[in-house]
Amino acid sequence: AEYMGVDFFLMSSSFDSLLCLSPLDGRYVSQTDELRPYFSEFALIKYRILVEVRWLASLAANSGISEVPSISSDALEFLENIVKNFSLDNARAVKLIEKTTNHDVKAVEYFLKDAVKGHPELQNIKEFIHFSCTSEDINNLSYALMFKDARDQVLLPLMSELIDTLTNLAKETANQPMLSRTHGQSASPTTMGKEVANFVYRLARQREQLKAVSMLGKVNGAVGNYNAHMIAYPDLNWNVIGQTFVNSLGLTHNPYTTQIEPHDCIAEFFDALCRFNTILLDLDRDFWGYVSLGYFRTKTVAGEVGSSTMPHKVNPIDFENSEGNLGVANALLTHFAQKLPVSRWQRDLTDSTVLRNVGVAIGHTTLAYRSALKGIRKLQIDSSKINDDLDNAWEVLAEPVQTVMRRYGHENPYEKLKAITRGNKITRETMREFIVSLDLPADVKQQLLNLTPASYIGNAVDMVNRIDDSVKNLSIQ
Numbered sequence: 212a213e214y215m216g217v218d219f220f221l222m223s224s225s226f227d228s229l230l231c232l233s234p235l236d237g238r239y240v241s242q243t244d245e246l247r248p249y250f251s252e253f254a255l256i257k258y259r260i261l262v263e264v265r266w267l268a269s270l271a272a273n274s275g276i277s278e279v280p281s282i283s284s285d286a287l288e289f290l291e292n293i294v295k296n297f298s299l300d301n302a303r304a305v306k307l308i309e310k311t312t313n314h315d316v317k318a319v320e321y322f323l324k325d326a327v328k329g330h331p332e333l334q335n336i337k338e339f340i341h342f343s344c345t346s347e348d349i350n351n352l353s354y355a356l357m358f359k360d361a362r363d364q365v366l367l368p369l370m371s372e373l374i375d376t377l378t379n380l381a382k383e384t385a386n387q388p389m390l391s392r393t394h395g396q397s398a399s400p401t402t403m404g405k406e407v408a409n410f411v412y413r414l415a416r417q418r419e420q421l422k423a424v425s426m427l428g429k430v431n432g433a434v435g436n437y438n439a440h441m442i443a444y445p446d447l448n449w450n451v452i453g454q455t456f457v458n459s460l461g462l463t464h465n466p467y468t469t470q471i472e473p474h475d476c477i478a479e480f481f482d483a484l485c486r487f488n489t490i491l492l493d494l495d496r497d498f499w500g501y502v503s504l505g506y507f508r509t510k511t512v513a514g515e516v517g518s519s520t521m522p523h524k525v526n527p528i529d530f531e532n533s534e535g536n537l538g539v540a541n542a543l544l545t546h547f548a549q550k551l552p553v554s555r556w557q558r559d560l561t562d563s564t565v566l567r568n569v570g571v572a573i574g575h576t577t578l579a580y581r582s583a584l585k586g587i588r589k590l591q592i593d594s595s596k597i598n599d600d601l602d603n604a605w606e607v608l609a610e611p612v613q614t615v616m617r618r619y620g621h622e623n624p625y626e627k628l629k630a631i632t633r634g635n636k637i638t639r640e641t642m643r644e645f646i647v648s649l650d651l652p653a654d655v656k657q658q659l660l661n662l663t664p665a666s667y668i669g670n671a672v673d674m675v676n677r678i679d680d681s682v683k684n685l686s687i688q
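In terms of our numbering, the sequence shown is residues 212 to 688.
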């Protein structure tokens, strides 16, 4: 994946993947490459460069700061090109500076000061790079942009691809009746399409909730009060200036912070992502189960091996891979959501090392999504197996029969059906004999006699037919 001139795949393949500590950079490197523009060390440095450059430009645009005169379009273009053309060599230069400063954000400031040397306008205002900022003013905005961009460019498209793929599967299997299982035992029938549609709706709802999370930001200094700003320029409305700047980045302003933006919005982001992941994990286990029952067969791929000793095996490994990665992702996401909003007094540094690991959680998340997609696309429904199971479960008609008996005033209908069905093998003939013996209107009795496990599916088909509208309504609620 090339992002702003950097070939991240080339970068990731320049060292031997067998030496990587994380499988995300080793075994799965080609599947997580798209996240590097957002969560790599290079990406963090580049986002910091962007924020610093935009802050300097905003100060120059403020007529109340006479020491930073309005800069020309050429100077603005020069600044933007620092961001646009930021390269791996530039990032290495920042890291080299950091070896001396032992401070990553200060290294970015020094890099930028060096970058504007010799420019006729910008060299004169280089001391306003990082003006009145604490490191967290730069960091919180950088991370907020990283999350926002990764969500919009990677996570949401992948979520939508999953939801669309499942929607198609739901429609393809909308009319396939299926024996339900509650507590692992036979229960009132449904359709395969309706069960898939359940997941479509659940996942779509969480996608909308993730989409709705506002990423907050602040630029209010060392303890959140604009102390340095106001001592330098007491007549300016720094709260308005700060809000305008944060909004200009596409973020939501948080006026009440300590030294750090308190990360509540990041916790909201991770909680929403975690819920989506939990639902997908539920799907992985259900689909694994349907494959185990024989309701789905898995397409074979030439050359693939299912077992090192059993040649016949075709295992549901994609759902298992997805489930495993979702477990790792959610363990990290849950920790992040609980840890990041907690900071001692006006700040401590525990959030810094935690934030550097967010790409790991999102990497395992996207890996899980791709595995689930791969598994879903291999599925082939086995209607004969599903229909055979239904035809051997006439006991599930005990529910409709006792319900109709209630309507027509029969005494103890539940108990009568329980007596003949619970723990007993029920056939078509057994159920037919019982229905014939009932004192019911002729048309009602005939309706029950015509009923089969395959036809007792309620409004399941209609629910699948309405899934597109139901999902669309989620986005406008």
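Ideal placement from N, C-alpha and C gives every residue a C-beta, glycine not left out.
Legend entry - Beta-carbon contacts of LEU261 that lie in its chain and below 6 Å, excluding the five residues immediately before and after: So the qualifying residues of the chain are VAL294.
Legend entry - Buried versus exposed call for ILE282 [16 or more other C-beta atoms within 10 Å across all chains shown]: Burial call: buried.
Inset, instruction - Leaving out five residues on either side along the sequence, give the residues of the same chain with a beta carbon under 6 Å from the beta carbon of ASP482. - result: Hits under 6 Å: ALA548.
Legend entry - Which of helix, strand or coil DSSP assigns to LEU232: In this structure, LEU232 counts as coil in the three-state DSSP scheme.
Legend entry - Nonlocal neighbours in the same chain, by C-beta distance under 6 Å from TYR321, ignoring five residues either side: Excluding five sequence positions before and after TYR321, the CB atoms of its chain that fall closer than 6 Å to its own CB belong to ILE308, given in chain order.
Inset, instruction - Compare the beta carbon distance of ALA478 and SER533 with 8 Å and say whether it is the shorter of the two. - result: It is not a contact, given that the beta carbons lie outside the stated cut-off.
Inset, instruction - Figure out for me which residue from GLU252, SER274, TRP449 has the closest Cα to the Cα of SER343. - result: Selected option, being the one with the closest Cα: TRP449.
Legend entry - Candidates PHE498, VAL525, GLY500, SER503: closest to THR511 by CA position: Distances from the alpha-carbon of THR511 to those of PHE498, VAL525, GLY500, SER503 put VAL525 closest.
Legend entry - Chain-order list of residues whose beta-carbon lies under 8 Å from that of ILE374 (same chain, five-residue window excluded): Leaving aside the five residues that flank ILE374 on each side, the residues in its chain whose CB is nearer than 8 Å to its CB run, in chain order, VAL411, LEU414, ALA415, ARG418, VAL682.
Legend entry - Pair within 8 Å by beta-carbon distance, THR378 and ILE587: For THR378 and ILE587, no; Cβs fall outside 8 Å.
Legend entry - Check whether PRO611 and TYR667 have beta carbons under 8 Å apart: Closer than 8 Å, so yes.
Legend entry - ALA671, enclosing alpha helix (DSSP H) - first and last residue: For ALA671, the enclosing alpha helix (DSSP H) has its first and last residue at 671-676.
Legend entry - DSSP beta-bridge partners of PRO388: In DSSP, PRO388 forms a bridge with THR402.
Legend entry - N-terminal and C-terminal residue of the beta strand (DSSP E) that THR509 is part of: Here the beta strand (DSSP E) through THR509 covers 507-509.
Legend entry - Contacts around SER228, its chain only, beta-carbon distance under 6 Å, and the 5 residues preceding and following it disregarded: The residues are GLY237, VAL240.
Legend entry - ILE592 in three-state terms, based on DSSP: Of the three classes helix, strand and coil, the one that applies to ILE592 here is strand, per DSSP.
Legend entry - Inter-stretch contact (C-beta, 8 Å, three-pair minimum) for the region 572-579 and the region 533-542: Yes: the two stretches touch, three or more of their Cβ pairs being nearer than 8 Å.
Legend entry - Residue from ILE631, LYS589, LEU651 with nearest C-alpha to ARG617: Of ILE631, LYS589, LEU651, the residue nearest in Cα terms is LEU651.
Inset, instruction - Entirely within the region 278-305 and at least 4 residues each: give me those alpha helix (DSSP H) ranges in chain order. - result: Every alpha helix (DSSP H) of 4 residues or more that sits fully in the region 278-305 is shown, in chain order, as 284-295.
Inset, instruction - Tell me whether the beta-carbon of THR401 lies closer than 8 Å to the beta-carbon of SER391. - result: Taking 8 Å as the Cβ cut-off, THR401 and SER391 qualify as a contacting pair.
Inset, instruction - Please report how far the alpha carbon of GLY505 lies from the alpha carbon of ILE592, in whole angstroms. - result: The C-alpha of GLY505 lies about 9 Å from the C-alpha of ILE592.
Inset, instruction - Name the residue from GLN613, PRO552, LEU494 whose alpha carbon lies nearest to the alpha carbon of VAL407. - result: Selected option, being the one with the closest Cα: LEU494.
Inset, instruction - Whole angstroms is fine: what's the gap from LYS585's alpha carbon to ASP529's? - result: When rounded, the separation of the alpha-carbon atoms in LYS585 and ASP529 is 6 Å.
Legend entry - LEU427 in three-state terms, based on DSSP: If DSSP states are grouped into helix, strand and coil, LEU427 belongs with the strands.
Legend entry - SER554 versus LEU484, PHE498, GLU472, ASN661, residue with shortest Cα-Cα distance: If you compare the alpha carbons of LEU484, PHE498, GLU472, ASN661 with that of SER554, the shortest gap goes to GLU472.
Inset, instruction - Taking only the alpha-carbon atoms, compute the straight-line gap between VAL457 and PRO664 and give it to the nearest angstrom. - result: About 60 Å.
Inset, instruction - Can you grab the Cα-Cα spacing for the pair ILE637 / GLU622, in whole Å? - result: Their backbone Cα atoms lie some 22 Å apart in a straight line.
Inset, instruction - Whole angstroms is fine: what's the gap from VAL565's alpha carbon to ARG633's? - result: Taking the straight line joining both Cα atoms gives about 55 Å.
Inset, instruction - Could you work out which residue in ARG643, GLY428, CYS485 is closest to HIS546 when comparing CA atoms only? - result: Nearest C-alpha to HIS546: CYS485.
Inset, instruction - Kindly list the residues whose CB is nearer than 7 Å to the CB of LEU369, restricted to its own chain and excluding five residues on each side of it in sequence; keep chain order. - result: If we look at LEU369 and ignore the five residues flanking it on each side, its Cβ neighbours are THR577, TYR580.
Inset, instruction - Look at the Cβ atom of ALA302, then the Cβ atom of LEU333, and state whether they are nearer than 8 Å. - result: Result no, Cβ atoms of ALA302 and LEU333 do not sit closer than 8 Å.
Legend entry - Contact set for SER353: own chain, Cβ-Cβ below 7 Å, skip 5 residues either direction: Here the set comprises LEU255, TYR258, ARG259, VAL262.
Inset, instruction - Find out if the Cβ-Cβ distance for the pair VAL675, VAL615 is shorter than 8 Å. - result: By the CB criterion at 8 Å, VAL675 and VAL615 fall outside the cutoff.
Inset, instruction - Whole angstroms is fine: what's the gap from LEU608's alpha carbon to SER686's? - result: Between LEU608 and SER686, the alpha-carbon positions lie close to 38 Å from each other.
Inset, instruction - Would you identify the three-state DSSP class for GLN470, choosing helix, strand or coil? - result: GLN470: coil per DSSP, three-state reduction.
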